[in-house]
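Numbering (the working numbering), first residue to last: 726 to 1222.
Worksheet: one structure, shown below.
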């Protein structure tokens, strides 16, 4: 619409400009038509009689005026042709403008008609949404009344919003159901107390028997423990002495082996130097004339070299042997040390366990003495029994009342499940209605105007909000039905117990 109005204004401005040009051209045409008459009048006034002495000059001026007149007529013809062309263009522009204006007016009429239809549909949607809102309010009021009938002892302010009211009511209902559970648990505790009382009596008799037995076996166990402690201390001393002896022996053998190894290394170095010197002598020996002496020297040197190599090999084997022996002794020492440490740890653990058992026996003996000395325990136990019996009777009556309430509650829950089912059916129908409205809005989105589009968007937002409320109500109904079913099952279990 805005573009169309702008285009119409532009065309009107162009039409005004063309009209102004046309008026200017008409005025110029009038002026051009008036000028030849005035020129002719001037020429007639200025004509002089024939035979005047300056007749040649007049003829020349007349020729000039004719030329100017011809030029003026030519210009006039051009202007007239331009005027004709401009008038034709003006007519074309006017026809085009009228056609465009008619087309835009028809478009405006179609848009207004579609806008009116959309406004009518929007009004229908508003009415449907209002009806949906009324149904939702009815469902909310029905939920409140049903829940209040189910739980008459619970009171929540009705001025709150529906979601907040449901949450607060849920909290109160959970607390109420917890109270019912606590009553059943108290009954269970009383039954457990009776069982514990019987067990305590049995335990008391057993402890009295054990007291006499423990007094008899106390002295024997203490003597046995002292004997075992003495035996273990003696074993520990023996093991420590053996460990010290082995450690000293190992250190002595280690020092001896190290000294022997040093001696062997020095002998090995001496033989090695001797061997090297023999090789040098053999290489640097002078060659005599007599071959026999030379061969003898060579033989002796070879024998010495062979002996030196044998001694070197023997020394190397001895060194390896002593190294292996040192390694074996170190390993044996480590194993022995580990075994001694293990024995020491084992002895300490046994000592700790024996001391612990001794302490426990002493504590048990003291407790038995205290139980035997406290003669008022039986009287206090009888008083506790009488008090627990009274409390048990009271709680039993309260449990019977709670069982009756639970039965009534289960019946009302069954009714509530039926009501919730009907509410869910109504919600499903309303959801189908919402889907239909969405489809209608989607179909109308392609042809809607800006203002109608804004209204439709607002209606969409409201519709989405209502849809969320419907979903929340459905979810809450499902959760409430599940909680009520679990509460009924738990209460049934409590009553059966």
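From the three backbone atoms N, C-alpha and C, an ideal C-beta is built for every residue, glycine too.
Computed from a predicted structure; not experimentally measured.
Assigned secondary structure, residue i (DSSP; H/G/I helix, E/B strand, else coil)
{"i": "residue 765", "result": "Model confidence at residue 765 stands at a pLDDT of 44, short of 50, so the residue's coordinates are unreliable; what they give is reported in the following sentence. Residue state, collapsed to three classes: helix."}
{"i": "residue 837", "result": "helix"}
{"i": "residue 868", "result": "helix"}
{"i": "residue 809", "result": "helix"}
{"i": "residue 883", "result": "coil"}
{"i": "residue 857", "result": "helix"}
{"i": "residue 955", "result": "helix"}
{"i": "residue 888", "result": "helix"}
{"i": "residue 894", "result": "helix"}
{"i": "residue 878", "result": "coil"}
{"i": "residue 741", "result": "helix"}
{"i": "residue 771", "result": "Residue confidence is low: residue 771 scores 45 on pLDDT, short of 50, so the model does not pin down where it sits. Its coordinate-derived value is still stated next. The answer is helix: DSSP assigns residue 771 an H, G or I state."}
Supposed close pair residue i, residue j - CB separation, criterion 8 Å
{"i": "residue 811", "j": "residue 756", "result": "No, residue 811 and residue 756 are not in contact; Cβ-Cβ is about 17 Å, not under 8 Å."}
{"i": "residue 823", "j": "residue 740", "result": "Residue 823 to residue 740, Cβ: 10 Å. No contact."}
{"i": "residue 753", "j": "residue 804", "result": "6 Å"}
C-beta contact flag for residue i and residue j at 7 Å
{"i": "residue 743", "j": "residue 815", "result": "yes"}
{"i": "residue 865", "j": "residue 887", "result": "yes"}
{"i": "residue 893", "j": "residue 881", "result": "yes"}
Residue i at chain B interface by Cβ criterion, 7 Å
{"i": "residue 832", "result": "Annotation note: the requested chain B is absent from the structure, which comprises a single protein chain."}
For the stretch 875–883 against the stretch 896–904, do three or more pairs of beta-carbon atoms, one drawn from each stretch, fall closer than 8 Å, so that the two count as touching? yes
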